[in-house]
Amino acid sequence: MDYQALAELLYPSVQHDCDYYEAKYPERNLPEGAKVLRFAPSPTGYLHLGGVYQVMCDERLAHLSGGVFMLRIEDTDSKRELADGIRVITDGISKFGIQIDEGMTPDGEKGAYGPYRQSQRAEIYHTFAKKLVAEGKAYPCFCNEERLSAMRAEQEAKKVNPGYYGEYAACRDLSLEEVKAHLDNGDKFVLRFRACPTGERPEFTDCVRGRIDVPENDVDMVLIKSDGIPVYHFAHVVDDHLMRTTHVVRGEEWLATLPLHVQLFDAMGWKRPEYIHTATIMKIDNGGKRKLSKRKDPEAAVEYFFTEGYPREALIDYLLMLLNSNYEEWRAANPDASYEAFPYSVEKMSNSGCLFDFNKLYDISKNVISRMDAKTAYASSTLWSANYDAEWHSLFTADPEKAIAILSIGRGGEKPRKDIGLWKELPAYAGFFFEERFDPDYSPLLGYDKADVEKVLAEYSALYQPEDDQTTWFGRIKELAVSLGYAPDTKTWKKNKESYKGHAGDVSMFLRVAVTGRTNSPDLCEVMRILGKEKVAERLEKAASYIKEKE
Ligand code: GLU
């Protein structure tokens with residue numbers, strides 16, 4: 186067989202040869218040890234949590250080594266493509282604050298190793314497919330669906346392995362004339378790889394999983410479909426070679442076809458990249474473990490976490506904790522450091538399953554939010570509200586100084602308060618500061634002596650001095666409490682309960698309920714200071730008229 190002639194026959198319009206592309210996309214000029222990684226999703230209009238898990242690994246390995254992080258779009262399956270599919274991915278990655286060095290970026294396509302959309306690389310794939318044909322390593326197959334179903338049925342009946350191989354590979358040895366006749370007839374062909382099994386299992390080492398024992402591929406797999414578009418296997422090999430990818434981080438579902446990829450790299454005469462196959466993210470459901478499902482679990486899409494108001498720092502911490510076994514310990518020792526300071530390494534990647542734990546993420550998020558200074562918390566929360574709660578956003582940002590003062594309560598110090606786990610919780614936590622959201626529940630006041638409550642609400646306004654420090658502020662409440670027959674503190678009250686109506690804490694509860702409309706609130710002294718003397722007086726009056734109405 187004249188393979189060269191076959192190659193010309195199949196790909197007459199290919200313009201360049203392989204050397205042209207090898208020269209166009211040369212080895213990268215990067216420092217020793219620099220890693221080149223890519224995230225290569227399909228533009229399905231959806232960024233899966235498992236995808237960001239890979240992105241974090243790609244990005245850390247690339248940037249810590251002085252290398253490159255690329256975004257390549259695998260859009261060869263037009264059925265799955267959505268109009269804004271690419272934007273959803275670039276936006277999603279940007280929301281993590283992650284920089285895409287090359288490929289499809291939020292500012293468009295950039296880099297010297299493109300195009301970075303597979304749909305635009307047909308000419309490149311055909312060039313390399315032509316080379317394989319010319320070397321007798323790939324051939325056209327004209328079998329139609331009917332013929333293939335008959336083959337499958339026969340294989341099933343005989344209980345042999347399914348697939349196009351050996352005696353079933355009807356087109357493997359077509360003559361040049363037969364191919365010509367098919368083409369003249371307008372028959373469509375797929376290009377198949379001519380698998381030449383050696384009978385030996387391929388030597389294969391995954392950077393994280395170690396030695397992987399997989400059977401050799403003996404099937405003549407399709408490389409290019411009848412519409413001229415490559416399948417993943419071929420595109421992966423060509424793209425990762427020409428883009429000079431050093432490490433491929435991808436889902437473990439690709440382990441099954443790894444033997445084919447190995448054969449393809451060998452057939453091309455190319456060095457394989459290092460592989461890191463990541464574990465599928467699982468969740469506990471009904472006592473058992475299952476894959477995070479796009480259909481059933483809203484949290485499968487990263488957008489969900491942004492909608493909920495998880496700060497990106499929390500998501501990054503959580504993902505890194507899943508990825509590197511020593512991250513949690515490092516974070517505990519370096520609570521305020523940027524995750525970028527963590528010495529991320531392939532060696533510390535876990536090769537066991539990856540279980541998604543909402544409670545853990547929520548705890549991390551609470552921690553992260555509690556450790557932010559008020560200005561950072563303001564920026565982080567308004568980033569959320571700008572996108573997901575416009576009404577709250579305009580209320581909260583109308584007076585940034587007030588908003589920052591609200592967020593300052595309980596911050597700083599050894600043990601910052603952990604009131605908020607998600608920014609979505611902020612409106613409920615801080616809504617009472619705003620008249621528009623002040624929806625008081627005064628009913629707890631009815632549980633106390635009515636005359637006392639009335640007296641406190643009536644007298645406190647005159648006593649309140651915004652410039653008082655905590656101690657003086659509480660001192661005044663104590664005095665008022667004592668004058669009404671309450672103990673100055675719980676200790677005194679506990680010793681001699683019969684002698685008192687209650688303790689100063691009860692009196693401050695009257696004030697808390699009146700001023701905040703609830704029994705649980707951030708530090709009341711701070712709350713009053715932010716509201717101001719006038720507003721405090723107004724709220725006490727409002728509560729007093731509620732009590733009156735109850736007469
Ligand atoms: N497009 C493939 C996927 O989404 C990419 C796998 C890879 O990273 O090589 O699974």
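The numbering used here runs 185 ahead of the 1-based position in the sequence shown. Just so you know, even glycine gets a beta-carbon here, dropped at the ideal spot from N, CA and C.
Asked	Found
Proximal residues to P458 (C-beta, below 7 Å), its chain only, five neighbours per side dropped	D425, T430, T431, H432 and V433
DSSP beta-bridge partners of E438	DSSP lists no partner for E438.
Whole-angstrom distance between K560 and S570, CA atom to CA atom	15 Å
Cβ-heavy atom distance, Y301 to the ligand HEM, below 7 Å	Ligands present in the displayed structure are limited to the ligand GLU, and the ligand HEM is not among them.
Rounded C-alpha distance that separates V159 from F618	One cannot answer for residue 159 here, as it falls past the ends of the chain, which runs 186 to 736.
Where N572 falls: helix, strand or coil (DSSP)	helix
Euclidean distance between Cα positions of Q305 and D558	47 Å
Rounded Cβ spacing between N402 and A380 (contact assumed at less than 8 Å)	6 Å
V700 beta carbon less than 8 Å from that of V641	no
Rounded C-alpha distance that separates D286 from M713	49 Å
Which of helix, strand or coil DSSP assigns to R213	coil
Between the CA atoms of F378 and L191 - distance to the nearest angstrom	14 Å
V345 classed as buried or exposed, judged by whether at least 16 other C-beta atoms fall within 10 angstroms	exposed
C-beta atoms of V273 and Y231 nearer than 8 Å	yes
Start-end ranges of the alpha helix (DSSP H) lying completely within the region 624-664, minimum 4 residues	635-648
Helix, strand or coil at A544 [DSSP, three-state]	Residue 544 is actually Asn in this sequence, not Ala. It is helical.
Stretch-stretch touch, CB-based, cutoff 8 Å, three pairs: the region 711-726 with the region 604-616	no
Distance, K533 Cα to N509 Cα	5 Å
Distance CB(P228)-CB(Y310) smaller than 8 Å	no
N- and C-terminal bounds of the alpha helix (DSSP H) containing E723	K718 to E734
Contained alpha helix (DSSP H) runs [length at least 4] in the region 461-529, N- to C-terminal order	487-493, 497-508 and 512-518
Cα-Cα separation, A335 to A319	30 Å
Residue burial classification, Y205 (beta-carbon count within 10 angstroms, cutoff 16)	exposed
Backbone secondary structure at K459 - three-state DSSP	One detail in the question is off: residue 459 reads as Glu in this sequence, not Lys. Here E459 sits in strand by DSSP.
Outcome for S565 when other beta-carbon atoms lying within 10 angstroms are tallied against a minimum of 16	buried
Residue span of the alpha helix (DSSP H) that contains P325, given as start and end	Note, P325: premise wrong, no alpha helix (DSSP H); beta strand (DSSP E) at A323 to C326.
Near the ligand GLU: G436 beta-carbon under 7 Å from a heavy atom	yes
Helix, strand or coil at K381 according to DSSP, with G and I counted as helix	The sequence given here has Cys at residue 381, not Lys. C381 falls in the coil class under three-state DSSP.
Residue closest to N370, alpha-carbon to alpha-carbon, out of G597, F327, D637 and F695	F327
For G606, the residue or residues it bridges with in DSSP	G606 pairs with nothing; no bridge assigned.
Rounded straight-line distance, which links the Cα of E514 to that of P520	10 Å
Contacting residues, own chain, Cβ-Cβ under 6 Å from L317 (five flanking each side not counted)	A323
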